[in-house]
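A quick write-up on the structure given underneath.
Protein chains: 2
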Amino acid sequence: MPTTKVEVEGLMDRLTEVFRTVGYDGATLSKLSEATGLQRASLYHRFPGGKQEMAEAVLARAGEWFRKNILETLSGPGTPKQRLEGMVHKLDAFYGRGRSSCLLDTLSFGDGRSLFESHIKQSFAAWVNALARVIIEARGCSMTVARPVAEDAVIRIQGALVLCRGVGNTKAFQRIIRSLPESLIRKEKS
Amino acid sequence: MPTTKVEVEGLMDRLTEVFRTVGYDGATLSKLSEATGLQRASLYHRFPGGKQEMAEAVLARAGEWFRKNILETLSGPGTPKQRLEGMVHKLDAFYGRGRSSCLLDTLSFGDGRSLFESHIKQSFAAWVNALARVIIEARGCSMTVARPVAEDAVIRIQGALVLCRGVGNTKAFQRIIRSLPESLIRKEKS
DNA sequence: GTCTATAGGAAGATAGAC
DNA sequence: GTCTATCTTCCTATAGAC
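Taken in order, these protein sequences are the chains called D and E. The first sequence begins at 199 in the working numbering and counts up one residue at a time. The second sequence begins at 199 in the working numbering and counts up one residue at a time.
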């Protein structure tokens with residue numbers, strides 16, 4: 199009896215939660231085992247490459263969700279403002295309303311850094327590019343103008359997650375994402 | 199012959215570098231030993247509490263530097279703009295022109311989280327407060343208005359560090375800190 | 001104040017029963 | 001597909017010589 203898709207998704211959710219919370223170095227096999235309810239050996243059955251393969255799977259799955267829900271929203275139908283509001287709505291869920299950290303942040307320390315460097319770099323680049331295209335469409339500006347504005351959006355989101363994790367509440371994240379659509383569309387200094 | 203102050207400062211610099219780069223969980227005694235040139239047992243001689251005491255010392259020292267160089271600049275003499283430019287100049291050095299991570303970020307994962315939670319929270323609060331006071335002075339606005347603007351500044355700095363670490367270059371950090379003084383003083387939407 | 005040596009335990013990973 | 005049992009390596013921490 200093969201494992202159901204629902205069970206696999208639940209398993210991946212638990213693994214993701216661990217890597218998000220404690221990073222790559224902090225994600226010990228014991229913690230991953232406890233979080234999933236599977237013994238270490240069972241995890242190795244599913245991920246022969248061990249911890250590294252689990253983190254790769256988690257990162258790949260998050261990347262797919264991000265492409266399908268964030269990037270496709272940005273390049274999809276609707277006005278630029280509607281698409282940015284769509285992104286913000288999806289981000290709110292993706293980051294647990296500001297409670298969860300970003301894997302691109304937590305996996306960029308320690309041993310995770312060298313392992314996922316290029317993946318992280320590409321993910322940030324794709325996000326900035328998708329945002330820049332929306333901004334160009336909304337403002338009728340050049341890529342040279344749009345790129346730093348798009349970077350600012352990613353910077354604010356990441357910074358808000360860091361601050362909220364630090365101070366222990368999510369108000370700043372909520373404020374930031376709510377202000378994003380309008381601030382990215384306006385031509386004034388962002 | 200007691201160890202000189204210069205040597206101690208050098209030692210602390212090396213320890214700081216490790217915790218900044220790999221976080222608390224990633225900072226093994228082996229890495230700390232290699233980075234400092236001292237054997238594990240020698241590190242225990244200086245820090246009987248082991249890794250936790252080293253991280254506490256590193257965090258305390260960074261906090262002192264921050265108070266003396268950043269917070270005192272913000273509350274010191276000069277116009278608000280001059281003080282913000284002073285902060286930016288110090289921050290540029292503090293974060294290695296955008297190459298180094300912030301300890302408040304790297305120590306908020308894994309085992310470090312529970313250990314340094316309140317220290318991190320207080321540090322962020324002090325920084326936001328100091329910035330808010332400058333903004334109030336510059337704009338003649340209320341604390342209610344100034345606080346989110348001050349938070350935005352911290353958010354941008356932290357976010358820029360995350361993005362720069364992710365993409366492997368420091369341009370975004372440079373751009374962000376250069377734009378900070380003027381954007382915090384202006385009454386337009388930050 | 002630094003070192004070598006080592007204890008005791010937790011880490012990642014594997015073998016093989018069921 | 002999951003488990004118990006085990007291996008090796010690395011970890012934190014200590015003892016004691018110099």
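Heads up, the beta-carbon is just placed ideally off N, CA and C, and yes, glycines get one too. Keep in mind the model is a prediction, meaning the values are calculated, not measured.
Span separating the alpha-carbon of residue 388(D) from that of residue 270(D): Low local confidence applies: a pLDDT of 47 at residue 388(D) is under 50, so the model's placement there is unreliable, and no value is given.
Buried or exposed for residue 275(E), please, with buried defined as at least 16 other CB atoms from any protein chain shown within 10 angstroms of its CB. Exposed, since its Cβ has fewer than 16 Cβ neighbours within 10 Å.
Quick check on residue 247(E): buried or exposed, where buried means 16 or more other Cβ atoms within 10 Å of its Cβ? Per the 10 Å Cβ criterion, exposed.
Give me, in chain order, the residues of the same chain whose beta-carbon lies closer than 8 Å to that of residue 335(D); leave out the 5 immediate sequence neighbours on both sides. Excluding sequence neighbours, residue 335(D) sits near 278.
Give me the Cα-Cα distance between residue 323(E) and residue 258(E), rounded to the nearest whole angstrom. One C-alpha to the other measures close to 16 Å.
Counting pairs of beta carbons, one from the segment 289–303 of chain E and one from the segment 357–374 of chain E, are three or more of them closer than 8 Å? They touch, by the three-pair rule.
Environment of residue 326(E) [buried if 16+ CB atoms lie within 10 Å]: Burial of residue 326(E) is indicated by the presence of at least 16 other C-beta atoms within 10 angstroms of its C-beta.
Would you tell me roughly how many angstroms separate the C-alpha atoms of residue 358(E) and residue 306(D), rounded to the nearest one? Their backbone Cα atoms lie some 14 Å apart in a straight line.
Residue ranges of each alpha helix (DSSP H) run of no fewer than 4 residues wholly in the segment 354–386 of chain E, ordered along the chain? The qualifying runs are 369–383.
Roughly how many whole angstroms lie between the Cα atoms of residue 267(D) and residue 321(D)? Cα to Cα, residue 267(D) sits roughly 14 Å from residue 321(D).
From 350(D), 385(D) and 252(D), residue whose alpha carbon lies closest to that of residue 227(D): That would be 252(D), whose Cα lies nearest to the Cα of residue 227(D).
Buried or exposed: where does residue 376(E) fall if 16 or more other Cβ atoms within 10 Å of its Cβ makes it buried? Only exposed fits residue 376(E), as fewer than 16 other CB atoms lie within 10 angstroms of its CB.
In whole angstroms, give me the CA-to-CA distance for residue 225(D) and residue 250(E). If you take the alpha carbons of residue 225(D) and residue 250(E), they lie about 19 Å apart.
Does DSSP put residue 237(E) in a helix, a strand or coil? DSSP places residue 237(E) outside both helix and strand once states are collapsed to three, so it counts as coil.
Can you find a C-beta in chain D that's less than 7 Å from the C-beta of residue 349(E)? Answer yes: the Cβ-Cβ gap between residue 349(E) and chain D drops below 7 Å somewhere.
Cβ-based contacts, 9 Å cut-off: residues of the segment 312–343 of chain D near chain E: Cβ contacts with chain E come from 315, 318, 319, 321, 322, 323 and 326.
Excluding sequence positions up to five away, which residues of its chain have a Cβ less than 7 Å from the Cβ of residue 348(D)? The answer, listed in chain order, is 326, 329, 330 and 333.
Nearest CA to the CA of residue 291(D): which residue from 314(D), 315(D), 304(D) and 263(D)? Residue 291(D) has its Cα closest to that of 263(D), out of 314(D), 315(D), 304(D) and 263(D).
Just the Cα atoms here: how many angstroms apart are residue 382(E) and residue 380(D)? Between the C-alpha atoms of residue 382(E) and residue 380(D) there is a straight-line separation of about 19 Å.
Would you identify the three-state DSSP class for residue 338(E), choosing helix, strand or coil? Residue 338(E) carries a coil assignment under DSSP once its states are collapsed to helix, strand and coil.
Just curious, the alpha helix (DSSP H) that residue 266(D) is in, first and last residue? That residue, residue 266(D), is in no alpha helix (DSSP H); it is neither H nor E in DSSP.
Can you find a C-beta in chain D that's less than 7 Å from the C-beta of residue 215(E)? Judged by the 7 Å Cβ criterion, residue 215(E) is not in contact with chain D.
Below 8 Å between beta carbons is the criterion; list the residues of the segment 267–294 of chain D that meet it against any residue of chain E, in chain order. Nothing from the segment 267–294 of chain D brings a Cβ to less than 8 Å from some Cβ of chain E.
Residue 354(E) classed as buried or exposed, judged by whether at least 16 other C-beta atoms fall within 10 angstroms: Per the 10 Å Cβ criterion, buried.
Helix, strand or coil for residue 216(D)? Go by DSSP, reduced to three states. Residue 216(D) falls in the helix class under three-state DSSP.
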